[in-house]
Every structure is written in structure tokens, then in C-alpha cells.
Amino acid sequence: ITLIPPIFIIVSAWKKWPAIPSLMIGIFLACLTAFFMQGQGISDLISIVHYGYESETGVKAVDDLLTRGGLDSMMW
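Below, the structure written as C-alpha cells:
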């Protein structure tokens with residue numbers, strides 16, 4: 002079930018569907034998955050979408066790869 006969002010994105014790219022609606026649906030599916038499968042709260046999901054995910058693996062190189070900004074970093 003957790004693979005549904007990335008599979009949707011891959012299929013939508015393969016079928017050449019419009020990018021913006023496909024990404025929005027992919028984000029929505031990922032939020033649903035995080036809410037129901039991982040127990041994330043609504044406020045956590047909004048924060049992750051807006052500010053981005055912050056990885057804390059303890060390995061700096063991995064953290065640098067996984068930690069990216071959300072919508073906030075794309076706007077500024």
C-alpha cells in the first residue's frame with residue numbers, strides 16, 4: 002500500500018498525463034498513506050508538505066540527500 006503514490010507517479014509519467022495534477026494527486030495519496038499507515042497527524046503532514054522532510058539517520062551524507070525543502074523552499 003505504501004508503494005501506491007510512487008507507482009501512480011511513474012504510471013502518470015509513462016502515460017504522459019499533465020505534470021501538475023499528477024504531482025498533486027501523488028502528494029495527496031502520499032499524505033493519505035502517511036496518515037493511515039504511519040499514524041502521522043494532519044498538522045505534521047501540513048508541516049512536511051510546506052517545510053519539507055528532515056531526515057535524522059545519523060549519517061550526514063544520507064541526511065543531506067534525504068532532507069529537502071517543501072513548498073516553502075520552492076517559493077523562495
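So the mapping is simple: our numbering equals the position in the sequence shown, first residue as 1, plus 1.
Heads up, the beta-carbon is just placed ideally off N, CA and C, and yes, glycines get one too.
Subject >> Beta-carbon contacts of L78 that lie in its chain and below 8 Å, excluding the five residues immediately before and after >> reply: Nothing about residue 78 can be read from this structure; the chain reaches only from 2 to 77.
**OP:** Indicate whether G53 and G71 have their beta-carbon atoms separated by less than 8 Å.
**Re:** yes
Subject >> Nearest candidate by alpha-carbon position, reference L46, set I11, C32, W18 and D64 >> reply: The shortest Cα separation from L46 among I11, C32, W18 and D64 belongs to C32.
**OP:** Note the first and the last residue of the continuous alpha helix (DSSP H) segment covering T68.
**Re:** First-last for T68: undefined, no H or E at that position.
**OP:** Verify whether the separation of the beta carbon atoms of E55 and T68 is less than 8 Å.
**Re:** Going by C-beta atoms, E55 is nearer than 8 Å to T68.
Original post:
Nearest to S74 by alpha carbon, out of V50, Q39 and G59?
Top reply: That would be V50, whose Cα lies nearest to the Cα of S74.
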